[in-house]
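Quick note, the sequences are listed as chains R and V, same order. When the letters of the first sequence are read in order and numbered with numbering that gives the first Met the number 0, they come out as residues 0 to 409. When the letters of the second sequence are read in order and numbered with numbering that gives the first Met the number 0, they come out as residues 0 to 409. Backbone N, C-alpha and C define an ideal beta-carbon position, used for all residues, glycine too.
Protein chains: 2
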Amino acid sequence: MKGNIVVGQSGGPTAVINSSVAGVYAAAKKLGVKKVYGMVHGIQGFLQDNLCDLDEYLADETGIELLKRTPSAFLGSCRFKMPKIEGHEEVYEKVFEIMEKHDIECLFYAGGNDSMDTVKMLSDYAAAHNKPQRFMGVPKTIDNDLPITDHCPGYGSAAKYIAASLKEVIRDNESFGVEKPTVCIVEIMGRNAGWLTAAAALAKGEDCSGVDAIYLPEKTFDVDAFMQKVKHLGETKSSVVIAVSEGIKIADGRYVCELANENVAVDAFGHKQMSGTAAYLAAEAAKLTGLKTRAIEFSTLQRAATHLASLTDINEAFQVGHDAVLAAEEGKTGMMITLNRNGDDPYQCGTSAYDIHAIANVERAVPDEWITEDGCGLNEGYEKYARPLIMGELQPLFVNGLPRHLVRKK
Amino acid sequence: MKGNIVVGQSGGPTAVINSSVAGVYAAAKKLGVKKVYGMVHGIQGFLQDNLCDLDEYLADETGIELLKRTPSAFLGSCRFKMPKIEGHEEVYEKVFEIMEKHDIECLFYAGGNDSMDTVKMLSDYAAAHNKPQRFMGVPKTIDNDLPITDHCPGYGSAAKYIAASLKEVIRDNESFGVEKPTVCIVEIMGRNAGWLTAAAALAKGEDCSGVDAIYLPEKTFDVDAFMQKVKHLGETKSSVVIAVSEGIKIADGRYVCELANENVAVDAFGHKQMSGTAAYLAAEAAKLTGLKTRAIEFSTLQRAATHLASLTDINEAFQVGHDAVLAAEEGKTGMMITLNRNGDDPYQCGTSAYDIHAIANVERAVPDEWITEDGCGLNEGYEKYARPLIMGELQPLFVNGLPRHLVRKK
Numbered sequence: 000m001k002g003n004i005v006v007g008q009s010g011g012p013t014a015v016i017n018s019s020v021a022g023v024y025a026a027a028k029k030l031g032v033k034k035v036y037g038m039v040h041g042i043q044g045f046l047q048d049n050l051c052d053l054d055e056y057l058a059d060e061t062g063i064e065l066l067k068r069t070p071s072a073f074l075g076s077c078r079f080k081m082p083k084i085e086g087h088e089e090v091y092e093k094v095f096e097i098m099e100k101h102d103i104e105c106l107f108y109a110g111g112n113d114s115m116d117t118v119k120m121l122s123d124y125a126a127a128h129n130k131p132q133r134f135m136g137v138p139k140t141i142d143n144d145l146p147i148t149d150h151c152p153g154y155g156s157a158a159k160y161i162a163a164s165l166k167e168v169i170r171d172n173e174s175f176g177v178e179k180p181t182v183c184i185v186e187i188m189g190r191n192a193g194w195l196t197a198a199a200a201l202a203k204g205e206d207c208s209g210v211d212a213i214y215l216p217e218k219t220f221d222v223d224a225f226m227q228k229v230k231h232l233g234e235t236k237s238s239v240v241i242a243v244s245e246g247i248k249i250a251d252g253r254y255v256c257e258l259a260n261e262n263v264a265v266d267a268f269g270h271k272q273m274s275g276t277a278a279y280l281a282a283e284a285a286k287l288t289g290l291k292t293r294a295i296e297f298s299t300l301q302r303a304a305t306h307l308a309s310l311t312d313i314n315e316a317f318q319v320g321h322d323a324v325l326a327a328e329e330g331k332t333g334m335m336i337t338l339n340r341n342g343d344d345p346y347q348c349g350t351s352a353y354d355i356h357a358i359a360n361v362e363r364a365v366p367d368e369w370i371t372e373d374g375c376g377l378n379e380g381y382e383k384y385a386r387p388l389i390m391g392e393l394q395p396l397f398v399n400g401l402p403r404h405l406v407r408k409k
Numbered sequence: 000m001k002g003n004i005v006v007g008q009s010g011g012p013t014a015v016i017n018s019s020v021a022g023v024y025a026a027a028k029k030l031g032v033k034k035v036y037g038m039v040h041g042i043q044g045f046l047q048d049n050l051c052d053l054d055e056y057l058a059d060e061t062g063i064e065l066l067k068r069t070p071s072a073f074l075g076s077c078r079f080k081m082p083k084i085e086g087h088e089e090v091y092e093k094v095f096e097i098m099e100k101h102d103i104e105c106l107f108y109a110g111g112n113d114s115m116d117t118v119k120m121l122s123d124y125a126a127a128h129n130k131p132q133r134f135m136g137v138p139k140t141i142d143n144d145l146p147i148t149d150h151c152p153g154y155g156s157a158a159k160y161i162a163a164s165l166k167e168v169i170r171d172n173e174s175f176g177v178e179k180p181t182v183c184i185v186e187i188m189g190r191n192a193g194w195l196t197a198a199a200a201l202a203k204g205e206d207c208s209g210v211d212a213i214y215l216p217e218k219t220f221d222v223d224a225f226m227q228k229v230k231h232l233g234e235t236k237s238s239v240v241i242a243v244s245e246g247i248k249i250a251d252g253r254y255v256c257e258l259a260n261e262n263v264a265v266d267a268f269g270h271k272q273m274s275g276t277a278a279y280l281a282a283e284a285a286k287l288t289g290l291k292t293r294a295i296e297f298s299t300l301q302r303a304a305t306h307l308a309s310l311t312d313i314n315e316a317f318q319v320g321h322d323a324v325l326a327a328e329e330g331k332t333g334m335m336i337t338l339n340r341n342g343d344d345p346y347q348c349g350t351s352a353y354d355i356h357a358i359a360n361v362e363r364a365v366p367d368e369w370i371t372e373d374g375c376g377l378n379e380g381y382e383k384y385a386r387p388l389i390m391g392e393l394q395p396l397f398v399n400g401l402p403r404h405l406v407r408k409k
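Structure, rendered in structure tokens:
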């Protein structure tokens, strides 16, 4: 590559999105790229020419190691939706103007479905206007709902956090076994796809009986059937822990969290801001069964707990960033790097570049064949798929008793 | 010691309460005690003669190491309040009958204020009835509210989890800096004492600007002043994270969580079950300021996250269990082991045994001189006190990608 490059982060952060930035930087430097810029706050910041020079942070190898251990988007993120090209050409021209100003040959964008749409729009615009600049997508989402790729960097670490935390919650809940059970309902992220909630299944093992039921948004949620289940579990078990997705919906299409609160807020992409599903179900279950109930929301920690990240995930996040640069070097554009599983035992995964048009705005759900017949569990198909993704650890650098992070200068 | 001993766990679990059981076991075995029994579900299980033999789990050194890495109460816990002696002599006689049956010379009980009351009642009964059995308290509470002792095992690990998780939450919240800030309100445990919430102050450091305000139950909470503060922060900062204790109360004595829900449930000790403080404040703040708000409850994970336990805390939890056995060997009874700080730099801590009557049912609050003048922060006095308690880590044993725990056979 003769010119410079820029890398940006977009959408909800993950525990390992910074490893992708590290991967982009490392590959570019190996190829002799002069400047690797970071967009400050994604494409939104880029449009304001808000860039930083990554040499400042990563030229030293300890910088890269610290970045891998840093949660959230090191460069800052955004939830900016590129407007339709027609009638908004000036926004697109602005992107190219800033790219030209800094001699940027290729733009790398790490994100999920919405962010891949940005890559698609920019590469479509470049093609239509004979612009030489190239655009590559780097997959990132705890939601694991991008199509084509076997899985998404960010998912493995979120799944590891969810399963490890659930083991701790289950142990806590089991400790009071003498009286009537406490029913603990844990709310897990995932607006439309149940991948994160499915990770609750991984808690089960030789040392843990696992959760008692798992409710995914892939299946219509029946409040009455749920309450019957809770009642039955409360009568037969000394501890009950249930995992529910924030995105579960009843038959008429309303989210369960809307049953408690009709005025659910909406973000820039028109997505409803979920919260309160477990609290609603716990309150209703307490009324109905007389049992003590507790609602837990894993909330932001699911996507931010880099202290418990999966090493497999960190390495793959690095790899997709790295390989996006190699693909761009070959002249590719308008593509996203996918992870392709070559084997389960031992687990092996390679990458390739795939047309962004097949990926942007498409959401992949948990396959029906991995959901148990009663609709509230996962079978060994899911276990075989997900277990390798949570393997391995990268010990944080502890300073003054806490994990140390790399910080951008303001 | 000629006879056997028994150890029990009581009240809310901590990340390190099992290290105290390990300490009791290790000291007893060094002294040649034949049988070290565990009470299954505390004094409540003991009254039903529900015991286990700890040799079964801990005779092997790997068992002790695994126990140290196991969250929640390995033996099972209870929230059983010993009845008044007068009119309930049969309950007390039952305890001594079971002790005699198993040739148990000394009973060790790990717990907080309520559990120390059990130790006091039993040792008082023994004294009044010339019983030879001895009773020793082993301090344990994430709340850190026991008097006399410098701090309580369990607190350091909870504080480490809170500070480390807040660093991750702050990073996440900061990542969207371009638009108006999201105001994130984090609810932390602590019914009457603000020790756990105070730990939010430890998040601040070279790589983290820390939380923007900390509200402890030690200070009367003023809803209007809080809203003004949120409004001001929202206008001047690009990210706002505030820590509130679940136990904050307004001037008329009502808990903030009661403002949202009048029917707060009550446990066996008459303590209200808190929850919903952050959710209430976040909803009100959103209405008042128009800002996006988010409520996070750290919930059960504060006391269960052994995967991020403080090594200092693990070692001290072990030490108080260990030294309780040495004190009993010297003939002591009706006492609790306290931690006595001998120095801050380097941090050093020893133990002694203290009369249980001065400890049971007494709650220690955060000293006023450590709270900043505006009432919503902690000063360097607290930092100096708390920082040593979160130092050090003990790497979990990861199996299949998750921390492995020791399990009692059913």
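query                                                                                                                  : result
DSSP state of residue 335(R) mapped onto helix, strand, coil                                                           : strand
Closer than 8 Å to chain C by CB, residue 400(R)                                                                       : In the structure shown, chain C cannot be found, because the protein chains are R and V.
Three-pair Cβ contact test at 8 Å for the region 318–329 of chain V versus the region 192–200 of chain R               : no
Coarse secondary structure for residue 147(V), derived from DSSP in three states                                       : coil
Residue burial classification, residue 58(V) (beta-carbon count within 10 angstroms, cutoff 16)                        : exposed
Selected residue, minimal CA-CA separation from residue 368(R), among 359(R), 395(R), 334(R) and 383(R)                : 383(R)
Sequence-distant residues of the same chain with beta carbon closer than 8 Å to residue 349(R), five excluded per side : 338, 339 and 341
Contact under 8 Å by Cβ, residue 56(R) with residue 103(R)                                                             : no
Sequence ranges, alpha helix (DSSP H) only - wholly within the region 15–89 of chain R, length at least 4              : 16–29, 41–45, 54–57 and 60–67
Rounded separation between residue 371(V) and residue 143(V) - CA only                                                 : 20 Å
Interface residues of chain R facing residue 394(V) [CB-CB closer than 9 Å]                                            : 392 and 394
Residue burial classification, residue 152(V) (beta-carbon count within 10 angstroms, cutoff 16)                       : buried
Spatially closest choice to residue 318(R) from 379(R), 305(R), 90(R) and 335(R), by CA coordinates                    : 335(R)
Exposure label - residue 30(R); buried when at least 16 CB within 10 Å                                                 : exposed
Secondary structure, alpha helix (DSSP H): runs of 4+ residues fully inside the region 174–242 of chain V              : 194–197 and 222–235
Coarse secondary structure for residue 2(R), derived from DSSP in three states                                         : coil
Cutoff 8 Å; reference residue 347(R); Cβ partners in own chain excluding five residues on either side                  : 340 and 341
Contact list for residue 397(V) against chain R, beta-carbon separation under 7 Å                                      : 392
Candidates 6(V), 218(V), 310(V) and 179(V): closest to residue 137(V) by CA position                                   : 6(V)
Boundaries (first-last residue) of the alpha helix (DSSP H) holding residue 106(R)                                     : From DSSP, residue 106(R) is part of no alpha helix (DSSP H) but of the beta strand (DSSP E) over 103–110.
Residue-chain proximity (residue 327(V), chain R), Cβ-Cβ < 8 Å                                                         : no
Buried/exposed call for residue 322(R), threshold 16 Cβ in 10 Å                                                        : buried
DSSP beta-bridge partners of residue 348(V)                                                                            : 340(V)
Selection of the region 290–316 of chain V by Cβ proximity to chain R, strictly under 8 Å                              : 291, 293, 294, 295, 296, 298, 299, 300, 302, 303, 304, 305, 306, 307 and 309
Proximity test, Cβ basis, 8 Å: residue 94(V) and chain R                                                               : no
Where residue 298(R) sits in the DSSP three-state scheme                                                               : coil
Chain-ordered neighbours of residue 72(R) on chain V, where CB pairs are closer than 7 Å                               : 174
Contact list for the region 372–393 of chain V against chain R, Cβ threshold 9 Å                                       : 386, 387, 388, 389, 390, 391 and 392
N- and C-terminal bounds of the beta strand (DSSP E) containing residue 319(V)                                         : Here residue 319(V) belongs to no beta strand (DSSP E); instead the alpha helix (DSSP H) covers 310–328.
Range covered by the beta strand (DSSP E) that runs through residue 137(R)                                             : 133–138
Per-residue contacts from residue 75(V) into chain R (C-beta, under 9 Å)                                               : 173, 174, 175, 176 and 177
8 Å Cβ cut-off: residues of chain V touching residue 99(R)                                                             : Within 8 Å Cβ-Cβ: nothing; residue 99(R) doesn't reach chain V, min ~23 Å.
Residue range of the alpha helix (DSSP H) that includes residue 285(R)                                                 : 276–288
Of the listed residues 63(V), 42(V), 43(V) and 81(V), nearest to residue 19(V) (C-alpha basis)                         : 63(V)
Contact with chain R by residue 404(V), beta-carbon distance below 8 Å                                                 : yes
Neighbour flag for residue 162(R) against chain V, beta carbons, 8 Å                                                   : yes
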